[in-house]
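Novice: Numbered by the working numbering, the letters in the sequence shown go through residues -6 to 189 in order.
Beta carbons are placed, not taken as given, at the ideal position from N, Cα and C, and that holds for glycine.
Computed from a prediction, not measured in an experiment: that's the story for all the values here.
One structure coming up, written as structure tokens, with questions to follow.
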Amino acid sequence: MSDYLMEYYAGSTEPWAVSVLQAMVRLRHPVNILELGTFEGRTTRAIAEVMPDHATLWTVDIERRHGGFGDPRIKFFEEDAITFLRDICPEKSMNFVFVDDDHTFGHVSTEITMLRDRCMASDGLIVMHDVIGPFGLDKIVEREGGFIIALPLLHAAGGLGVIPAYPRVQKKMPEAVKNRLAAAGWASGDAEDFLG
Ligand SMILES: C[S@@+](CC[C@H](N)C(=O)[O-])C[C@H]1O[C@@H](n2cnc3c(N)ncnc32)[C@H](O)[C@@H]1O
């Protein structure tokens, strides 16, 4: 088995998905980041590598399975995710959330509702792991108006579901973007549904 698959089957997020998460963090420079499901902390460290110096990464696991992070920006909570979302997560604080703990449908569904109702900042983005495969989490992504990033050529499960914290806002595409597309020969007349 390749190193890639060994790493994937060991329970950590697959490397390409970690790269996508890092790209999102670089792009959105979130101040408060939450990871539900720390495990051995590989993705935690990968996110911390690229997050702003002044950001805080809150990471939660029902059981401690890592040796600590040595980074004052990372706060680990040995806690059930639902308890964390109900009692600990500061209200309307989270700009970027990675949901990767208990993957059962009811649990994740409750998490997404609690995140949206209580924890997310208005510009927040929720990214769910393992939306492809036996858990049926793609249905939650669809229900919440999100989209899926998956590489089914590499494996039959995994993938990321991306959900804006609040229902998609219809925005006019900025004139500067339209002009750039037009200059490149792209028609943008119908592209009014622009996610800011
Ligand atoms: C797939 S692993 C997380 C992988 C990690 N995010 C990564 O990318 O390396 C899932 C983790 O969720 C934790 N977990 C399961 N149920 C949980 C719950 N109800 N609350 C918090 N953590 C939970 C498990 O202990 C396990 O460490």
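(1) In chain order, what residues of the same chain lie with their CB nearer than 8 Å to the CB of Met190, ignoring the 5 residues before and after it?
(2) Could you work out which residue in Ile81, Thr37, Asp80 is closest to Gly60 when comparing CA atoms only?
(3) Quick one: Cα of Met113 to Cα of Val120, how far?
(4) Per DSSP, what kind of secondary structure is Lys68 in: helix, strand or coil?
(5) Quick one: is Gly63 buried, meaning 16 or more other Cβ sit within 10 Å of its Cβ, or exposed?
(6) Using only alpha-carbon positions, find the residue among Ile75, Phe91, Phe89, Leu20 that is nearest to Gly99.
(7) Mark Phe89 as exposed unless 16 or more other C-beta atoms lie within 10 angstroms of its C-beta, in which case mark it buried.
(8) For the alpha helix (DSSP H) holding Glu135, just list the boundary residues, first then last.
(9) Can you check which of these residues, Ile125, Ala158, Arg57, Phe69, is closest to Thr106 by C-alpha distance?
Specialist: Checking against the coordinates, here is how it stands:
(1) Residue 190 lies beyond the range of the chain shown here (-6 to 189); nothing can be said about it.
(2) Per the Cα distances, Thr37.
(3) Approximately 12 Å between the Cα atoms of the pair.
(4) Looking at Lys68 - three-state DSSP - the assignment turns out to be strand.
(5) Using a 10 angstroms sphere on the CB of Gly63, the tally of other CB atoms stays under 16, which defines it as exposed.
(6) With respect to the C-alpha of Gly99, the residue from Ile75, Phe91, Phe89, Leu20 having the closest C-alpha is Ile75.
(7) Under this definition Phe89 is a buried residue.
(8) It spans 131 to 136 - the alpha helix (DSSP H) in which Glu135 sits, taken as one unbroken run.
(9) For the residues Ile125, Ala158, Arg57, Phe69, the minimum Cα distance to Thr106 belongs to Ala158.
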